[in-house]
Amino acid sequence: MAKNSTQYVCQGCGAIAPRWLGRCPSCGGWNTLVEETVGKKRSSTTSESRPGRPVSIGEVSEDAAARLPTGIAELDRVLGGGAVLGSVVLVGGDPGVGKSTLLLQALAGLSQRGARALYASGEESVAQVALRARRILGDAAHALGDRLQMVGASDVAEVEDAAKRARPSALVVDSVQVLRSSELESAAGTVSQLREVTARLVDLAKREQIALFLVGHVTKDGALAGPKVLEHLVDVVLAFEGERGNAFRALRASKNRYGSATEVGVFEMAQGGLAEVPNPSELFLAERPAHASGSVVAPVTPQEGGARAVLVEVQALVGSPGLGSGRRTATGIAATRLAMILAVLERKIGFTLTSTDVFANVAGGLSIDEPAIDLPLAIAVASAARDRPCARDLVAFGEIGLAGEVRGVARGSARLGEAASMGFKRAIVPASTAERISANERSGVELIPVRRVDEAIRIALED
Ligand SMILES: Nc1ncnc2c1ncn2[C@@H]1O[C@H](COP(=O)(O)OP(=O)(O)OP(=O)(O)O)[C@@H](O)[C@H]1O
Ligand SMILES: [Mg+2]
């Protein structure tokens, strides 16, 4: 068997073909054949790959997962307390969102703390990366000495070689899509190359105990480009999000084998790189208009199940009745959620919105997908439709059911605490949530318990 020979394996039925075919001859599936190397079987799990004797759980030392803090608190929190040696973190995000900047800053932070770090770039020249490093670090770049190194690479073997020489404890590969393995014939970025390249890098990280960060591109609809298998191969999957034209960025974990996946880190893109935003509520409410209809402040948990609450401004705009085409536009909120709220307002409360255009937006560019945003969204739409501003000292949160009832949500006291810290005095909350929050968990915020959405709207708009 030739050393470098490859074969094409159907991902549907496992049939093997010697060359690529559009349709699997065995199961008839289209585009299911993927190139793979022959003979060499690489472990696809990230657990210890060396065959060994089983050990009892008490015997395993805990420093198997030693952590290196990057010094960027917002990033460390999302990682679960820092980068873990021997772990692989995949960072996805839209072009230009700041993935390279974030990871370069992370490496700089690690090397400032004494770790050796290597930045392997396949997308940009070493000169471009150095330019960015100088912009971000300024004179501090010299102080790092040879602890922060860079290499340009287009083949995964070059990254392996560079890692052998530099012996880093942290490695960034930017990006996994541009690297290829010469053992496969297919072009960089194809499914087979992605799997091969990632598997080899994961192997490298586990073997050499390197904290590895992979940059991954995302497709138009926001999913990580490449097969789902990439996400299974790595330990942590982070999404870096931000809207074009908006400096604000959010980093979320969608999977974390070394910590909670419910954390969110908030950054702002500035001249000198990404700056941490320790108080995001302040940022999101900074440009809130005074006495405008269609604006409601909502304490939300940006990551479902997350402990952290932030205040966002939910905005709605309702076109002139009868003049629109019934268009619905939602930014930062799922379109289905908006459609559901509008249906409840029409069928249960008596608003007429069918042929009216409705726009809903979470100001600041954060996208929120938790039910607690239902109630503020409904109030914002009602406020816009009636052209009456919502009381200014008020926040609202709660889920809305299809019968127009307001349902309880979790993290009530965290939400109230955040509202109080930004000076809000009153909160419209689901009655069942209010019952569960004791007086000393209310942070001095007056609770207005509601059972139905029309009740909430009446109170908020002071009808
Ligand atoms: N001189 C500068 N001053 C301020 N901001 C800058 C400057 N240069 C670049 N930026 C910001 O950095 C962003 C690019 O960041 P970065 O290259 O880290 O993104 P990326 O996610 O790695 O993009 P790609 O997917 O193209 O590699 C730009 O969109 C811009 O907002
Ligand atoms: Mg980049």
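Residue numbers (the working numbering): 16 to 478.
Glycine included, every Cβ here is placed at the ideal spot set by N, Cα and C.
| query | result |
| --- | --- |
| Hey, how far is the Cα of residue 215 from the Cα of residue 197? | 12 Å |
| Does DSSP put residue 217 in a helix, in a strand, or in coil? | helix |
| Name the residue from 145, 351, 39, 365 whose alpha carbon lies nearest to the alpha carbon of residue 469. | 365 |
| Could you pull the DSSP bridge partners for residue 164 from this structure? | 133 |
| Rounded to whole angstroms, how far is the Cβ of residue 187 from the Cβ of residue 135, which I believe are closer than 8 Å? | 7 Å |
| Using 8 Å as the threshold, is the C-beta distance between residue 266 and residue 93 below it? | yes |
| Who are the Cβ neighbours of residue 467 in its own chain at under 7 Å, not counting the five residues just before and after it? | 419, 420, 421 |
| Kindly indicate the opening and closing residues of the alpha helix (DSSP H) around residue 147. | 141 to 152 |
| Measuring alpha carbon to alpha carbon, tell me which residue in 180, 48, 310, 380 is nearest residue 402. | 310 |
| According to DSSP, residue 138 sits in a beta bridge with which residue or residues? | Residue 138 is not bridged to any residue. |
| Smallest Cα separation from residue 260: which of 416, 283, 142, 359? | 283 |
| Excluding the 5 residues flanking residue 323 on each side, which residues of the same chain have their C-beta closer than 8 Å to its C-beta? | 278, 279, 316, 317, 429 |
| Using only the heavy atoms of ligand 4, determine whether one of them is closer than 7 Å to the beta carbon of residue 179. | The ligand content of the structure shown is limited to ligand 1 and ligand 2, which means ligand 4 is not among them. |
| Rounded C-beta distance between residue 382 and residue 347? I'm assuming under 8 Å. | 5 Å |
| Looking at residue 138 and ligand 2, is the gap between the Cβ and the nearest heavy atom below 7 Å? | yes |
| Short of 6 Å in beta carbon distance, which residues of its chain neighbour residue 332, apart from the five on each side in sequence? Order them along the chain. | 309, 374, 399 |
| With hydrogens ignored, establish whether the beta-carbon of residue 284 is closer than 7 Å to any heavy atom of ligand 1. | yes |
| Please confirm whether residue 464 and residue 454 have their CB atoms less than 8 Å apart. | no |
| Could you tell me whether the region 172 to 183 touches the region 133 to 152, where touching means 3 or more Cβ pairs closer than 8 Å? | yes |
| Would you call the region 436 to 447 and the region 403 to 417 in contact, with 3 or more CB pairs under 8 Å? | yes |
| Need the endpoints of the alpha helix (DSSP H) that residue 351 sits in, please. | 350 to 359 |
| Report the rounded CA-to-CA distance for residue 194 versus residue 82, giving the unit in angstroms. | 27 Å |
| Measure the C-alpha to C-alpha separation of residue 189 and residue 213 and round it to an integer number of angstroms. | 12 Å |
| Leaving out five residues before and five after residue 166 in sequence, what residues of the same chain have Cβ atoms less than 6 Å from its Cβ? | 135, 177 |
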